[in-house]
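J.: The opening position of the sequence shown corresponds to residue 30 in this note's numbering, with each subsequent residue numbered one higher. Just so you know, even glycine gets a beta-carbon here, dropped at the ideal spot from N, CA and C.
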Amino acid sequence: MNEQAIFVKCARRLIPFMMAAYLVNYLDRVNVGFAALTMNADLGLSPAVFGLGAGMFFIGYCLFQVPANVFLERVGARRWLAAILATWGVISASNAFVHDAVSFYALRFLLGVAEAGFFPGVLLYLTYWFPHSYRGRFTSLFMTAIPLSFIVGGPVSGLLLEMNGTLGLAGWQWLFMVEGIPACVLAVVALKVLPDGPADAAWLTPEEKETIAQRLAAEEPVLHRAFWPALLDPRVAALGLVYIGFGISANGIRIWLPQIVQQMGFSNLATVFIVAAPFAASMGVMILWGRSSDVRGERVWHIALPFLLAAGGLIATIFSGSATVSLIALAVAVIGILAAEGPFFSFPSSFLGAKAAAGGIALVSAIGSLGGFFGPSIVGALREATGNYNAGMAALAAGLIVSALIVIAVGRALRNGTGGR
């Protein structure tokens, strides 16, 4: 069996489960945007209060990402990821019992704590299996779970909202309770199907395990082999700043998109289907763009160009005179944001060793999570202050433009310094 066949075999065994788990992860994170279509009125939450509460998720998410990856290395991927899945499933379902702003803030924060270790943990886990030259395409494939969470979760959320009044519960309460269950089920599956690494995979032959080990060892950079020194690497800090701007924009649009669309005059059910459309369109783009990044061995412009495209889409919504043009511009923004995800999260491991990647990836994601807090909060505050979303869209576009400029600067520094792109 040749090298490519071995890594494809690993991908077929691992990526479907990872995609399913990340789909549920992302749905449990952003379903609050769909719930808000009726929850905000029921609980009397203003746009500013909702935006702040949605952003509280990312405070917990930021604080616990690096410690979570330390535990993953010590405990093992199988048990740690299973524990994370079960915990966030229970907390997500508990959002059904939110009754005021304080309880909303508290449960969003706890959900962020529970989910903190999953995404950076999976990115680290993929470095155990795939060399850098394959990582972009498989990371992009894994991350197609983001649009899938909207494609699947949007219509499901819409139907659950229609259960309003069933057994005395509001539709948004049904939404949280039902959508928290899959994570608990997947926790059990993780214990049964996930090996901690190639050495523990019963479905790999000794020769295949040796090939993977040799291939990964050959790519190991000389610098920053240890976990903790990676946290002091200025390139890692710079990518964290990139992810702040990216996070402001990505999470601002994902959390608020259902309400932006609803404001155009669509019903709740029509809104969730319209929101799902650009995410469906983005899936093929993500896969092809991630593969292009691998084939060309290039990350920087595969990150910066989608950022700039998305910024253009957000700016276009400000000057649009029709709902149709606004929806197309928002779709362009969503596609641009998603296209950059795979290349971006493959970038740190191109100049960090496997051990260092555990710290580097987690730190980038943790710093960037601050953007996840500010994005929804900024849009909510500006919406309340101005009565429309124009200022919010301008702020999200600015975050993407600044991020594009920083990632270009990091790429230039790598070319002029230690190498890499």
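Roughly how many angstroms lie between the CA atoms of M85 and L136, to the nearest whole one?
T.: So the two alpha carbons sit approximately 9 Å from each other.
J.: With the cut-off set at 8 Å, would you say V265 and P377 are in Cβ contact?
T.: Yes. Within cutoff.
J.: Which residue wins for smallest C-alpha separation from G342, given the options Y154, L114, R244 and I282?
T.: The candidate whose alpha carbon is nearest that of G342 is I282.
J.: Whose CA, out of D71, S121 and A309, lies closest to the CA of P184?
T.: Checking every option, the nearest Cα to that of P184 belongs to A309.
J.: Cα-Cα, which of S278, R320, I347 and L139 is closest to F403?
T.: Nearest of S278, R320, I347 and L139 to F403, Cα basis: S278.
J.: Output the boundary residues of the alpha helix (DSSP H) element that contains L233.
T.: Segment: none, L233 is in no alpha helix (DSSP H) and carries neither H nor E.
J.: If you check the beta carbons only, do L72 and D129 fall under 8 Å apart?
T.: A contact, by the Cβ cut-off of 8 Å.
J.: Of the choices W158, F147 and A125, whose alpha-carbon is the least far from that of L190?
T.: It is A125.
J.: I believe D225 touches R107 by the beta-carbon criterion, under 8 Å. Please report the beta-carbon distance rounded to the nearest angstrom.
T.: Contact flag correct, Cβ pair sits at about 5 Å.
J.: Considering only residues of the same chain and omitting the five flanking positions on each side of G397, which have a CB-CB separation below 7 Å?
T.: Within the same chain, G397 has close Cβ partners G269, Y272, I273, F275 and G276.
J.: In angstroms with no decimal places, state the Cα-to-Cα distance between V324 and H161.
T.: Cα-Cα distance, rounded: 11 Å.
J.: Would F455 and V218 qualify as a contact pair, given that the criterion is a beta-carbon distance under 8 Å?
T.: Any question about residue 455 goes unanswered here, given that the chain covers just 30 to 450.
J.: Are there 16 or more other CB atoms within 10 angstroms of the CB of T353, so buried, or fewer, so exposed?
T.: Answer is exposed; the Cβ neighbour count stays below 16.
J.: Quick check on the DSSP output: the alpha helix (DSSP H) that includes G187 runs from which residue to which?
T.: Residues A174 to L190.
J.: Under 8 Å: do the region 230-241 and the region 353-372 share three or more Cβ pairs, one atom per stretch?
T.: No, the region 230-241 does not touch the region 353-372.
J.: When the distance is taken between beta carbons, is G200 closer than 8 Å to M192?
T.: Going by C-beta atoms, M192 is nearer than 8 Å to G200.
J.: How would you call D262, buried or exposed, if buried means at least 16 neighbouring beta carbons within 10 angstroms?
T.: So D262 ends up on the buried side.
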